[in-house]
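K.L.:
Count along the sequence shown from 1, then add 7; that gives the number in my numbering.
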Amino acid sequence: MLNKSILTAAITTALVATLATTTGCAVTRNQETVGAYVDDTALTTRVKAKFAADPTVSAMAISVETLKGTVQLSGFAKSAEERAMAEKLARETSGVVAVRNDIAVRQGN
Numbered sequence: 008m009l010n011k012s013i014l015t016a017a018i019t020t021a022l023v024a025t026l027a028t029t030t031g032c033a034v035t036r037n038q039e040t041v042g043a044y045v046d047d048t049a050l051t052t053r054v055k056a057k058f059a060a061d062p063t064v065s066a067m068a069i070s071v072e073t074l075k076g077t078v079q080l081s082g083f084a085k086s087a088e089e090r091a092m093a094e095k096l097a098r099e100t101s102g103v104v105a106v107r108n109d110i111a112v113r114q115g116n
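1) May I have the straight-line CA-CA distance separating Q79 from Y44, to the nearest angstrom?
2) In chain order, which continuous runs of the beta strand (DSSP E) of length 3 or greater are located wholly inside the segment 42 to 85?
3) Using the Cβ count rule (16 or more neighbours within 10 Å means buried), how would you classify V71?
4) Helix, strand or coil: how does DSSP classify R107 here?
5) Under 8 Å, do V106 and E94 count as touching if we go by C-beta distance?
6) Which word fits R113, buried or exposed, when buried means at least 16 other C-beta atoms lie within 10 angstroms of its C-beta?
7) Ends of the alpha helix (DSSP H) at E88?
8) Can you tell me the Cα-Cα spacing of R53 and T77, whole angstroms?
9) I believe A49 touches F58 by the beta-carbon criterion, under 8 Å. Please report the beta-carbon distance rounded to the nearest angstrom.
10) Give me, in chain order, the residues of the same chain whose beta-carbon lies closer than 6 Å to that of T51; leave out the 5 immediate sequence neighbours on both sides.
11) Going by Cα to Cα distance, which pick from A60, S86, K85 is closest to A97?
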């Protein structure tokens, strides 16, 4: 099994690479400026990094999208505790304006 710090580094690297290659897409997301898109992408990266560093949250099973500082969480959690922790970590991230938690808890795990 991969070391948690190696996984965190890999996820962070992948997200930074995504940021570097997708900054030209701001117009299609209906944002006002490229700067706003970059800020949102940085927020998404910071939230995902927190998920990767936390032992209770699966960074691979929960998606994070950010628009104008509002973070939307989606995907599947193994428990209500994981769902709540993901929301808590997102809310505690500097720069996050609001969190919309659309994570579904899988039944029967």
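Backbone N, C-alpha and C fix where the C-beta goes; we use that ideal spot for every residue, glycine too.
P.N.:
Taking the structure as given:
1) Taking the sequence shown and counting its residues from 1, one reaches residue 79 at position 72. Taking the sequence shown and counting its residues from 1, one reaches residue 44 at position 37. Spanning the alpha carbons of Q79 and Y44 requires a straight line of approximately 15 Å.
2) Counting whole runs of 3 or more residues, the segment 42 to 85 contains the beta strand (DSSP E) stretches 69 to 74, 77 to 84.
3) Within the sequence shown, residue 71 is the residue found at index 64, counting from 1. It is buried - the Cβ of V71 has at least 16 other Cβ atoms within 10 Å.
4) Taking the sequence shown and counting its residues from 1, the one referred to as residue 107 is at position 100. Strand.
5) Locating residue 106 in the sequence shown gives position 99, where the first residue counts as 1. Locating residue 94 in the sequence shown gives position 87, where the first residue counts as 1. Yes, they are a contact pair.
6) In the sequence shown, counting from the first residue as 1, residue 113 sits at position 106. Exposed.
7) Translated into the one-based positions of the sequence shown, residue 88 becomes position 81. Segment 87 to 98, the alpha helix (DSSP H) holding E88.
8) Your numbering for residue 53 matches position 46 in the sequence shown. Your numbering for residue 77 matches position 70 in the sequence shown. C-alpha separation (whole angstroms): 13 Å.
9) One-based indexing of the sequence shown puts residue 49 at position 42. One-based indexing of the sequence shown puts residue 58 at position 51. Incorrect: roughly 15 Å between the Cβ atoms, too far for contact.
10) Locating residue 51 in the sequence shown gives position 44, counting from the first residue. Within the same chain, T51 has close Cβ partners V71, T73.
11) By 1-based counting over the sequence shown, the position of residue 97 is 90. The shortest C-alpha to C-alpha distance from A97 to any of A60, S86, K85 is the one to A60.
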